[in-house]
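Peer 1: Under our numbering, the first residue of the sequence shown is numbered -16, with each subsequent residue one higher.
Cβ atoms here follow ideal geometry from the backbone N, Cα and C, with glycine treated the same way.
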Amino acid sequence: MTTQKTDPDIVVIGGGNAALCAATTAAEAGARVRILEAAPKPYRGGNSRHTRNFRCMHEGPLGPLTDSYSEEEYLADLMKVTGGKTDEHLARMAIRSSEECLPWMQEHGVRFQPSLSGTLSLSRTNAFFLGGGKSLVNAYYRTAEALGVEVCYEAPVTHLQVEDTHVTEVVYSHQGTEHRVSPKSVIVASGGFQADTDWLARAWGPAAKNFLIRGTPYNRGVVLKDLLDQGVEQVGDPTQCHAVAIDGRAPKFDGGIVTRLDCVPFSIVVNKHAQRFYDEGEDVWPKRYAIWGRLVANQPDQVGFVIIDAKSLELFMPSVFPPIKADTLGELAQKLDLPPKQLGATVEAFNVACGDTSGFHPTELDGVATSGLEPPKTNWARPITEPPFYGYTLRTGVTFTYLGLKVDENAQCTVGNRAVQNLWAAGETMAGSILGQGYLAGFGMTIGTVFGRIAGREAAKHAN
-16 MTTQKTDPDI
-6 VVIGGGNAAL
4 CAATTAAEAG
14 ARVRILEAAP
24 KPYRGGNSRH
34 TRNFRCMHEG
44 PLGPLTDSYS
54 EEEYLADLMK
64 VTGGKTDEHL
74 ARMAIRSSEE
84 CLPWMQEHGV
94 RFQPSLSGTL
104 SLSRTNAFFL
114 GGGKSLVNAY
124 YRTAEALGVE
134 VCYEAPVTHL
144 QVEDTHVTEV
154 VYSHQGTEHR
164 VSPKSVIVAS
174 GGFQADTDWL
184 ARAWGPAAKN
194 FLIRGTPYNR
204 GVVLKDLLDQ
214 GVEQVGDPTQ
224 CHAVAIDGRA
234 PKFDGGIVTR
244 LDCVPFSIVV
254 NKHAQRFYDE
264 GEDVWPKRYA
274 IWGRLVANQP
284 DQVGFVIIDA
294 KSLELFMPSV
304 FPPIKADTLG
314 ELAQKLDLPP
324 KQLGATVEAF
334 NVACGDTSGF
344 HPTELDGVAT
354 SGLEPPKTNW
364 ARPITEPPFY
374 GYTLRTGVTF
384 TYLGLKVDEN
394 AQCTVGNRAV
404 QNLWAAGETM
414 AGSILGQGYL
424 AGFGMTIGTV
434 FGRIAGREAA
444 KHAN
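1. Tell me the rounded alpha-carbon separation between Thr384 and Ala1.
2. Helix, strand or coil for Tyr136, going by three-state DSSP, please let me know.
3. Assuming Tyr123 and Thr7 are in contact, meaning their beta carbons sit under 8 Å apart, how far apart are those beta carbons, in whole angstroms?
4. Determine the DSSP secondary structure at Thr102, reduced to helix, strand or coil.
5. Rounded to whole angstroms, what is the Cα-Cα separation between Gly427 and Pro166?
6. For Tyr201, report the span of its alpha helix (DSSP H) as first-last.
7. Does the stretch 111 to 128 come close enough to the stretch 83 to 98 that 3 or more CB-CB pairs lie under 8 Å?
8. How big is the Cα-Cα spacing for Gly313 and Pro283?
9. Under the DSSP definition of a beta bridge, which residues are partnered with Leu377?
10. Could you check if Ser341 is buried or exposed, using at least 16 other CB atoms within 10 Å of its CB as the buried criterion?
11. Can at least three beta-carbon pairs, one atom from the stretch 290 to 310 and one from the stretch 364 to 378, be found at a separation below 8 Å?
12. For Glu40, which of Val215, Leu105 and Arg271 has the nearest alpha-carbon?
13. Check whether the Cβ atoms of Val150 and Met413 sit closer than 9 Å, and answer yes or no.
14. Does the stretch 64 to 83 come within contact of the stretch 398 to 412, defined as at least 3 CB pairs closer than 8 Å?
15. Starting from Tyr124 and walking both ways along the alpha helix (DSSP H), at which residues does that stretch end?
16. Which two residues bound the contiguous alpha helix (DSSP H) that contains Asn0?
17. Could you check the C-alpha separation between Thr102 and Leu348 for me, to the nearest Å?
18. With DSSP collapsed to three states, give me the class of Arg440.
19. In angstroms, rounded to a whole number, what distance separates the CA positions of His72 and His344?
20. Locate the beta strand (DSSP E) running through Lys308, then write down its first and last residues.
21. Determine the burial state of Met(-16): buried for a count of at least 16 other Cβ atoms within 10 Å of its Cβ, exposed for fewer.
22. Taking the alpha-carbon positions, what's the Asn202 to Tyr57 distance?
23. Tyr155 and Arg27 - do their beta-carbons sit closer together than 9 Å?
24. Between Ala186 and chain C, is there a C-beta pair that is closer than 9 Å?
25. Using the Cβ count rule (16 or more neighbours within 10 Å means buried), how would you classify Pro139?
26. Compute the beta-carbon to beta-carbon distance between Ala228 and Val247, rounded to the nearest angstrom, for a pair I have assumed lies under 8 Å.
27. Taking His149 as part of the beta strand (DSSP E), name the residues at either end of that continuous run.
28. Answer with buried or exposed for Thr34, where buried requires no fewer than 16 other C-beta atoms within 10 angstroms of its C-beta.
29. Please determine, among Gly355, Pro371, Gln217 and Asp179, the residue with the shortest C-alpha to C-alpha distance to Ile417.
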């Protein structure tokens, strides 16, 4: 696609969910919009390609969602996983707005599948996209292009010129040529910096070199760094991120959702010395899965190992990779390169600590706990006794980082405590404005959808 000679009213930097929500909203308000997506067309969509659901408040059944999920319950869930490190005003705004977003998404081409039951326990809280995140991204692109939004692929932005309280120029490369445009409004929706592993290592230390990046390799934080270097106000801790424990056989980049392991609640997890290090049954998985990336990151060589037996194999959605299988624990230890004697002792101590398992219930907190064991396992604690035995390696998989652009309730950025008059941010690049630590399944899509629509509305208002 050839870049138009005339400057657009609005430039949207990024090509994922937040960018598309912003671009569509702005185009519907009459603005001429250009999306600058760094990725090639087959890889468009950023991390949104790998998503699968949207967390949504609702007062009663809504679309595929059952029962109700109130603002207060949603906020309590968020506060629990973040340890209270969240901007409550912005969080409540995102939560309240999520209810109107679901029908808006449907109106703009997104389709949802029937509600899910099972171990994810999400039929009330999360609406799952039919066809996953790739289908959502494709639907939004069809809608945006039908509205006249211009899309430039392989068009990385290298610089935004901030003068006083305005962005005066956007510099990007496309089809081997450098382009400079001066739009009336700019929306940054280009994600975090996690794919720049050198930056990740500067924040985390050398251990970060062992991390895997679940999402797109194109989120390198170029625009984020450029703006922060010019004094645009930042928010968030560079060591905080959405980091989950994923299959250790995943690729370095772009492994996506299929490399996630959901078996932890029904397992024991050990480090390379075959020692347990955390309560695997602390809470239902959607509320706790995002802490395990950091837990594994703190172990020797940033690696962990899941151990389960035959009776637990069918209780979770499998990884794209099959588990490592053995007829005995000793054989499994050898295949996982764990010390066999120590693994045997760890499993034996766990088995002895397990009590009455008659109340075992895989889809809810069941209180089936260990006794006298440290760390305890507080739910779903059943002895690992039934061969064959299975194992997975775990690595830290970073989805997105929380260091980002600070925004207000209008998604507007600031410099020197003054609003940048024509600069807005949406999605992962500003998620640290709400998320201080931790993560709640589907909340990233909530932030991106809510603030993408707000940014699009405000940018169009300014441009018009």
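Peer 2: Let me spell this out:
1. 16 Å
2. coil
3. 7 Å
4. Below a pLDDT of 50, predicted positions are generally treated as unreliable, and Thr102, at 48, falls in that range; the measurement from the model is reported next regardless. It is coil, neither helix nor strand.
5. 28 Å
6. Counting along the chain, Tyr201 falls outside any alpha helix (DSSP H), and DSSP gives it neither H nor E.
7. yes
8. 21 Å
9. Asp230 and Gly287
10. exposed
11. yes
12. Reading the sequence as shown, one finds Met at residue 40 and not Glu. Comparing Cα-Cα distances from Met40 to each of Val215, Leu105 and Arg271, the minimum goes to Leu105.
13. no
14. no
15. Gly115 to Ala129
16. Asn0 to Glu11
17. Note that Thr102 has pLDDT 48, beneath the 50 cutoff, so the model's placement of it is unreliable and no number is given.
18. helix
19. 36 Å
20. Ile307 to Ala309
21. Below a pLDDT of 50, predicted positions are generally treated as unreliable, and Met(-16), at 35, falls in that range; the measurement from the model is reported next regardless. With fewer than 16 Cβ atoms within 10 Å of its Cβ, Met(-16) is classed as exposed.
22. 29 Å
23. no
24. Of the chains in the structure shown, none is chain C; there is only one protein chain.
25. buried
26. 7 Å
27. His149 to His157
28. buried
29. Gln217
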